[in-house]
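J.:
Protein chains: 2
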Amino acid sequence: MLRTHTCGELSLGHVNQDVVLCGWVQRVRDKGGMIWLDLRDRYGITQLLFEEGKTPANVLETARSLGREFVISAKGAVIERLAKNDKIATGDIEIRVAELTILNPAKLPPFLIEDETDGGDDIRMKYRYLDLRRNVVRKNLQLRHQVARYTRAYLDNLNFIEVETPVLIKSTPEGARDFVVPSRMNPGEFYALPQSPQTFKQLLMVAGFDRYYQIVKCFRDEDLRADRQPEFTQIDCEMSFVTQEDVLNTFEGMIRELFSKVKGIDLPEVPRVTYADAMRLYGSDKPDTRFEMQFVELKGDDRDLTSGKGFGVFDDAGLVVGINASGCAGYTRKQVDELTDWIKRPQIGAKGLVYVRYNADGSIKSSVDKFYSEEELKKWVEAFDAKPGDLLLILSGQGDKTRKQLNELRLEIGSRLGLRNPDEYRALWVIDFPLLEFGEEENRWFAMHHPFTSPKPEDVDLLDKNLGQVRANAYDMVINGVEVGGGSVRIFEKELQRKMFEILGFSAEEAQEQFGFLMNAFEFGAPPHAGIAFGFDRLCSIFGGADSIRDFIAFPKNNSGRDVMIDSPSAISDAQLKELAIKVAETAQ
Amino acid sequence: MLRTHTCGELSLGHVNQDVVLCGWVQRVRDKGGMIWLDLRDRYGITQLLFEEGKTPANVLETARSLGREFVISAKGAVIERLAKNDKIATGDIEIRVAELTILNPAKLPPFLIEDETDGGDDIRMKYRYLDLRRNVVRKNLQLRHQVARYTRAYLDNLNFIEVETPVLIKSTPEGARDFVVPSRMNPGEFYALPQSPQTFKQLLMVAGFDRYYQIVKCFRDEDLRADRQPEFTQIDCEMSFVTQEDVLNTFEGMIRELFSKVKGIDLPEVPRVTYADAMRLYGSDKPDTRFEMQFVELKGDDRDLTSGKGFGVFDDAGLVVGINASGCAGYTRKQVDELTDWIKRPQIGAKGLVYVRYNADGSIKSSVDKFYSEEELKKWVEAFDAKPGDLLLILSGQGDKTRKQLNELRLEIGSRLGLRNPDEYRALWVIDFPLLEFGEEENRWFAMHHPFTSPKPEDVDLLDKNLGQVRANAYDMVINGVEVGGGSVRIFEKELQRKMFEILGFSAEEAQEQFGFLMNAFEFGAPPHAGIAFGFDRLCSIFGGADSIRDFIAFPKNNSGRDVMIDSPSAISDAQLKELAIKVAETAQ
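Chains A and B, in that order, are what the protein sequence lines are.
For the first sequence, position 585 (counting from the first letter as 1) is numbered 585 according to UniProt numbering, and the numbering increases by one without interruption.
For the second sequence, position 436 (counting from the first letter as 1) is numbered 436 according to UniProt numbering, and the numbering increases by one without interruption.
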């Protein structure tokens, strides 16, 4: 090795030892004939000392020629430091340098290699290898490695086998857009990159593998957002001879183990809520349950505390629903108006906001005092189980739309009240998803999860009666309002799978052509099976307390799907195109 | 869970317990009112017992309706078995079945799901999910999982970080053919799938990650052979601030650890041989060192024991070289003739074979007695250090070609003499590879390893004088004659890298366009670094004692790059082509 130690391991126990360290020049202070140099590597920072009169002249000269990010090798004796530095692990010692070698000089980096950098997003993406030098970024990837390690350890221990499934597979019409790969050996034909190893993991169950997992790259050619990447990583799992209950328990165990090992947090048991309840109580299938603030309906299926008092907005609404912003009765008129403007923005699109102030003195003041008596408003306050000092915020309109708007308002109020602490974690299982959802535009039914998801046995009859009411044995895990994983019990009988494709508008021929291999496999003894997949990038970002998954990917792509560091994608040669038997369309030339 | 136990865990300790097992029907014997059923899952086989008079009639009836590979659930009591079966772990017990459920019936499989199957390659590939049910195949993949686990454990323990590098990267002209992926968001442009994460792992070193690894899919669009797949898996590694010696020691340690953990074998220290010596002594840069049988030159650089005696073939040859087939003096004339025919086949192409029999009685008989006296042949025998009973097999001709032919002969003789025992393992480092090799056809120099490999410091001067003589700090690990891994110390200085591209025929612009990001990175403080990659599929096949890597890949492709199970690649829709701004060339339609 070119070094005897790393920059993170020397302490008082090493004093008087001769050592060789290698690393990058983080900082140099040259003052009064003394030079202090912070030498950095992945493991830490160690201070090098040079002193006029004591350090050889040529070494001093070399030291004075160093710039930031030079790569050097320094040999010298470990000595006790006079001014200790508590902030770093090696703060008790420094190295009196006797020999110094420049292994590679460095141009001045285009931004500061510090935790707080002056580089913008674009420049840091272009010089990603420099951005990765920053502790904060490197630590994200070290965290990612730890999450993967503990995930594997947990699953290995439960007899799961990691099996690699192919990356060059077949394009299928269902789901998101595929990336495709022209085949040179089969001209005119294409592979597709997998959106998930779904069918392969099911085939592994048919093959009797019993418990499978894989931490695996998947690909979706979708328009990108901040939290989406064309290639992403999944923790992909499948089990045989299990019920939904077994899958929930197994993977709740995994998530709790990860919280314990990675964060040192003892995550409580993960509560379960049905999709229907999640929508009713939070207006979202991924509610943030770090805080309660559940929806209360003033007018809905169960009751009507608002109609017939002359307030047309509520009279015409299918749903009148609100939240209790507890302790906010003191909000000024300005604050409430500002909230009203916020919720009327086009992104949310509410028509207006009704408030009821339950003042600390017990009096009630609302924006609809004109229509409702204090007596009537008291009933509202009771419905909300509100206490003096609370503020009720109420929306009305068509059911689904209003719930979605109120979900936004709930999250906003939660944030304003500091109820969404990034260091606090609440996980939740959302279960009993609808099997199907109707695409108005396409005028057909779509699988809400995917076409391999099993209806709940008690709902199978509804497949012939009311498709919208069929519930699936499907489940999502939500942490702090973010969907981190989801899965389902699978169909394992050919006839039901055939019927499912029929419902989704496949002709018998199309179904056979696209998924015949799976339906055929079901005829040779397929076991009952179920599975789940976690978004690994997202999970890491949750553990790391960051919003963007990009911070947890070594070499991410930008919103146009470009890697600006290597400048990809790019044109390829005519010879390559010819060999692959494809042409670039004129429109793109 | 649908079961209380697996089919591999019940023993006498469970007698009298009520259990539920799930699995596949392996075999049914129905005789004299008794039915014995072997129930199989991944974990083993358990015998189920049904008995007329004791077993409920409906259960008996169901049992009699079962066929091979039906998936069933059976509930009953564990009882001690009268006739124990030593061959299976559960051989002391059986289950007296009280309840029996058919979870899924099965059609008769197209081939036997047994260790010895009657299915040919094609049918087993098409029904790969059935082939994977066979113990022998499934165990290969379980072994693969174990190799991955121990690899990760070893590297994690040495502070290597697993970092995922991108799959959608940039096409580069050097090396094998790329698979490409048209970009919808960047019409007319393409990603490429990585042949290896080479440049990314080097950038991770520039980023200060110090020690990186990844078990990662790589892609090469090459014409396929039995041991090649378009997608394959690598153990990819890189280290900073190290010399070649450190890499060899680190990964020799890994391989020895794997042998110890996976095979229970204490692999001896791995010897090293230079490329030059490997070619001289074995005629191959991946010699099988399970047996000696090194080449002996009768005419070469150091001596000439053959010229001037009237044997024109040897007189005209640049090299006369042979091996000692120890103990084979008893080979009949027919056997030697057959060997001669074997080596004259077009695949090998030798002109002929000269033999020298050193008989047990000390007499010498050769096929060139006409030209060489016993005295002269004695000298040959001495050169080979042969003993009575040995047989010398000698080839002659142009140096490189003759060595390659003799390598084939050496391996063949080794096989015939039983010296290539698949249960015996000999690893070897081959070092000091040439940096460059000349492509006669293209009339230019190619990097023997890749363009990022560093010349040996003492040979750098030769870059301006004699390119063919420059040795690289490159190394391969060879086990039993198979190259399982290779790597090199990398260039980390921009100027040397630039020069290397120049030697390889890149213009300055081309080098900058293709690899500018890496050369630029070298200007910002790149550390000295080196790395290695192991062929993971190949390594697993070595541990599994099989010749083909296909047996260690869950869903391999055939020699035309097709997955015959899912029927991929396939045509894609016109809509997809249009969205991707590409067309299929007329020639392929």
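Here a beta-carbon is modelled for each residue, glycine too, at the ideal position from N, C-alpha and C.
Counting only the same chain and skipping the five closest in sequence on each side, list residues whose C-beta sits under 6 Å from that of Pro-182 of chain B.
T.: In the second sequence, counting from the first residue as 1, residue 182 of chain B sits at position 182. If we look at Pro-182 of chain B and ignore the five residues flanking it on each side, its Cβ neighbours are Phe-190, Leu-580, Ile-582.
J.: What do you reckon, are the CB atoms on Ala-98 of chain A and Val-59 of chain A nearer than 8 Å?
T.: For the purposes of this step, residue 98 of chain A is taken as the residue at position 98 of the first sequence. For the purposes of this step, residue 59 of chain A is taken as the residue at position 59 of the first sequence. Yes; because the gap between Cβ atoms is below 8 Å, this pair is in contact.
J.: Going along the chain, which residues of its own chain have a beta-carbon closer than 7 Å to the beta-carbon of residue 590 of chain B, five neighbours each way excluded?
T.: Nothing can be reported for residue 590 of chain B: it is not among the residues displayed for chain B, which extend from 1 to 589.
J.: Could you check where the beta strand (DSSP E) with Ser-488 of chain B kicks off and where it finishes?
T.: Taking the second sequence and counting its residues from 1, the one referred to as residue 488 of chain B is at position 488. That run of the beta strand (DSSP E) goes 482-489.
J.: Against chain A, does Cys-22 of chain B count as a neighbour if the rule is that its beta carbon must be under 8 Å from one of theirs?
T.: The residue given as residue 22 of chain B occupies position 22 in the second sequence. With 8 Å as the cut-off, Cys-22 of chain B counts as an interface residue toward chain A.
J.: Given Ala-350 of chain B, which residues of its chain have a CB within under 7 Å of its CB, disregarding the five upstream and five downstream residues?
T.: On the second sequence, residue 350 of chain B is found 350 positions in, with the first residue counted as 1. If we look at Ala-350 of chain B and ignore the five residues flanking it on each side, its Cβ neighbours are Ile-343, Lys-344, Leu-395, Gln-405.
J.: Going along the chain, which residues of the region 10-21 of chain B sit with their C-beta nearer than 9 Å to a C-beta in chain A?
T.: If the cut-off is 9 Å between Cβ atoms, the region 10-21 of chain B has nothing near chain A.
J.: Which of the residues in the region 164-186 of chain B, read from start to end, lie with their CB under 8 Å from any CB of chain A?
T.: Taking 8 Å as the Cβ-Cβ cut-off against chain A, the residues of the region 164-186 of chain B that qualify are Glu-164, Thr-165, Pro-166, Val-167, Leu-168, Ile-169, Lys-170, Ser-171, Pro-173, Arg-177, Asp-178, Phe-179, Val-180, Val-181, Pro-182, Ser-183, Arg-184, Met-185, Asn-186.
J.: So, under 8 Å CB-CB, Leu-467 of chain A and Ile-503 of chain A are touching, yes? Tell me the CB distance rounded to an integer number of Å.
T.: Numbered from its first residue, the first sequence carries residue 467 of chain A at position 467. Numbered from its first residue, the first sequence carries residue 503 of chain A at position 503. Sure, about 7 Å apart at Cβ, within 8 Å.
J.: Answer yes if the region 145-161 of chain B comes into contact with the region 209-227 of chain B, meaning at least three C-beta pairs across the two stretches below 8 Å, and no otherwise.
T.: The answer is yes - the region 145-161 of chain B touches the region 209-227 of chain B, with three or more Cβ pairs under 8 Å.
J.: Identify each residue in the region 66-84 of chain B for which the Cβ-Cβ distance to at least one residue of chain A is less than 7 Å, and report them in chain order.
T.: Cβ contacts with chain A come from Glu-69, Phe-70, Val-71.
J.: Under a CB-based cut-off of 8 Å, is Glu-441 of chain A close to chain B?
T.: Residue numbering aside, residue 441 of chain A sits at position 441 when the first sequence is read from its first letter. Closer than 8 Å: no.
J.: Where in the region 273-305 of chain B do unbroken runs of the alpha helix (DSSP H), each at least 4 residues long, occur, reported from the N-terminal end onward?
T.: Runs found: 275-282.
J.: From Gly-322 of chain B to Gly-300 of chain B, what distance separates their C-alpha atoms?
T.: For the purposes of this step, residue 322 of chain B is taken as the residue at position 322 of the second sequence. For the purposes of this step, residue 300 of chain B is taken as the residue at position 300 of the second sequence. Going by the C-alpha atoms only, they are around 12 Å apart.
J.: Please report how far the alpha carbon of Phe-314 of chain B lies from the alpha carbon of Trp-380 of chain B, in whole angstroms.
T.: Along the second sequence, one-based indexing puts residue 314 of chain B at 314. Along the second sequence, one-based indexing puts residue 380 of chain B at 380. Approximately 14 Å between the Cα atoms of the pair.
J.: Quick check on DSSP: helix, strand or coil for Tyr-43 of chain B?
T.: The residue labelled residue 43 of chain B in the question sits at position 43 within the second sequence. In this structure, Tyr-43 of chain B counts as coil in the three-state DSSP scheme.
J.: What is the rounded straight-line gap between the Cα of Thr-165 of chain B and the Cα of Ala-554 of chain A?
T.: Translated into positions along the second sequence, residue 165 of chain B becomes position 165. Translated into positions along the first sequence, residue 554 of chain A becomes position 554. If you take the alpha carbons of Thr-165 of chain B and Ala-554 of chain A, they lie about 7 Å apart.
J.: For Arg-303 of chain B, count the other beta carbons within 10 Å of its own beta carbon; 16 or more makes it buried, fewer makes it exposed. Which is it?
T.: As a position in the second sequence, residue 303 of chain B is number 303, starting the count at 1. Exposed: under 16 other Cβ atoms inside 10 Å.
J.: For chain A, is any of its Cβ atoms less than 8 Å away from the one on Ile-45 of chain B?
T.: Here residue 45 of chain B refers to the residue found at position 45 when the second sequence is read from its first residue. It does not; no Cβ of chain A falls within 8 Å.
J.: Between Arg-426 of chain B and Ile-542 of chain B, what straight-line distance do the alpha-carbon atoms span, to the nearest angstrom?
T.: Along the second sequence, one-based indexing puts residue 426 of chain B at 426. Along the second sequence, one-based indexing puts residue 542 of chain B at 542. Each residue's Cα considered, the two are about 11 Å apart.
J.: Pick from A:Pro-187, A:Glu-257, A:Ile-102, A:Ser-307: whose alpha carbon is nearest that of Asn-157 of chain A?
T.: Along the first sequence, one-based indexing puts residue 157 of chain A at 157. Among A:Pro-187, A:Glu-257, A:Ile-102, A:Ser-307, the Cα nearest to that of Asn-157 of chain A belongs to A:Glu-257.
J.: Check for me: the beta strand (DSSP E) holding Arg-27 of chain A runs from which residue to which?
T.: For this step, residue 27 of chain A is matched to residue 27 along the first sequence. Its beta strand (DSSP E) spans residues 18-31.
J.: Once you ignore the five residues that flank Leu-10 of chain A on each side, which residues in its own chain have a CB closer than 7 Å to its CB?
T.: The sequence position of residue 10 of chain A within the first sequence is 10, counting from 1. Excluding sequence neighbours, Leu-10 of chain A sits near Val-19, Thr-46, Val-78, Thr-90, Ile-93.
J.: Going along chain A, which residues have a C-beta under 7 Å from His-529 of chain B?
T.: Within the second sequence, residue 529 of chain B is the residue found at index 529, counting from 1. The contacting residues do not exist; His-529 of chain B stays about 10 Å from chain A at best.
J.: Can Asp-178 of chain B and Gln-195 of chain B be called in contact, C-beta distance under 8 Å?
T.: Start at 1 with the first residue of the second sequence, and residue 178 of chain B comes out as number 178. Start at 1 with the first residue of the second sequence, and residue 195 of chain B comes out as number 195. A contact, by the Cβ cut-off of 8 Å.
J.: Ends of the beta strand (DSSP E) at Arg-357 of chain A?
T.: The residue labelled residue 357 of chain A in the question sits at position 357 within the first sequence. Taken as a continuous stretch (DSSP letters only), the beta strand (DSSP E) holding Arg-357 of chain A covers 354-358.
J.: Have a look at B:Lys-309, B:Ala-508, B:Gly-535 and flag the residue whose alpha-carbon is nearest the alpha-carbon of Ile-479 of chain B.
T.: By one-based count along the second sequence, residue 479 of chain B stands at place 479. Here the closest residue by C-alpha is B:Gly-535.
J.: Mind checking the region 105-116 of chain A against chain B and listing, in chain order, the residues whose C-beta falls within less than 8 Å of any C-beta there?
T.: Correct list: Pro-105, Ala-106, Lys-107, Pro-109.
J.: Starting from the C-beta of Ser-240 of chain A, find all residues in its chain whose C-beta is less than 6 Å away, skip the five residues before and the five after it, and write them out in chain order.
T.: Taking the first residue of the first sequence as 1, we reach residue 240 of chain A at position 240. The residues are Met-205, Asp-210, Pro-527, His-529.
J.: Please report the distance separating the alpha-carbon of residue 594 of chain B from that of Val-470 of chain B.
T.: Absent from the structure is residue 594 of chain B, since the part of chain B shown begins at 1 and ends at 589.
J.: From Ala-472 of chain B to Leu-281 of chain B, what distance separates their C-alpha atoms?
T.: Translated into the one-based positions of the second sequence, residue 472 of chain B becomes position 472. Translated into the one-based positions of the second sequence, residue 281 of chain B becomes position 281. Cα to Cα, the separation comes out at about 20 Å.
J.: Would Val-491 of chain A and Ser-454 of chain A be called neighbours here (beta carbons separated by less than 8 Å)?
T.: Here residue 491 of chain A is taken as the residue at index 491 of the first sequence, counted from 1. Here residue 454 of chain A is taken as the residue at index 454 of the first sequence, counted from 1. This sequence places Ile at residue 491 of chain A; Val is not what is there. Yes.
J.: Within the same chain, show all residues whose beta-carbon is closer than 7 Å to that of Val-368 of chain A, passing over the 5 residues directly before and after it, in chain order.
T.: Translated into the one-based positions of the first sequence, residue 368 of chain A becomes position 368. Hits under 7 Å: Phe-311, Val-354.
J.: Any idea if Pro-230 of chain B is buried or exposed, counting beta-carbon neighbours within 10 angstroms, 16 or more meaning buried?
T.: Taking the second sequence and counting its residues from 1, one reaches residue 230 of chain B at position 230. Buried, by the Cβ-count rule.
J.: Under a CB-based cut-off of 8 Å, is Asp-304 of chain B close to chain A?
T.: Translated into positions along the second sequence, residue 304 of chain B becomes position 304. No, no contact with chain A.
J.: Return the CA-CA distance between Glu-114 of chain A and Asn-135 of chain A, expressed in angstroms with no decimal places.
T.: What you label residue 114 of chain A is simply residue 114 of the first sequence in a count that begins at 1. What you label residue 135 of chain A is simply residue 135 of the first sequence in a count that begins at 1. Each residue's alpha carbon lies about 7 Å from the other.
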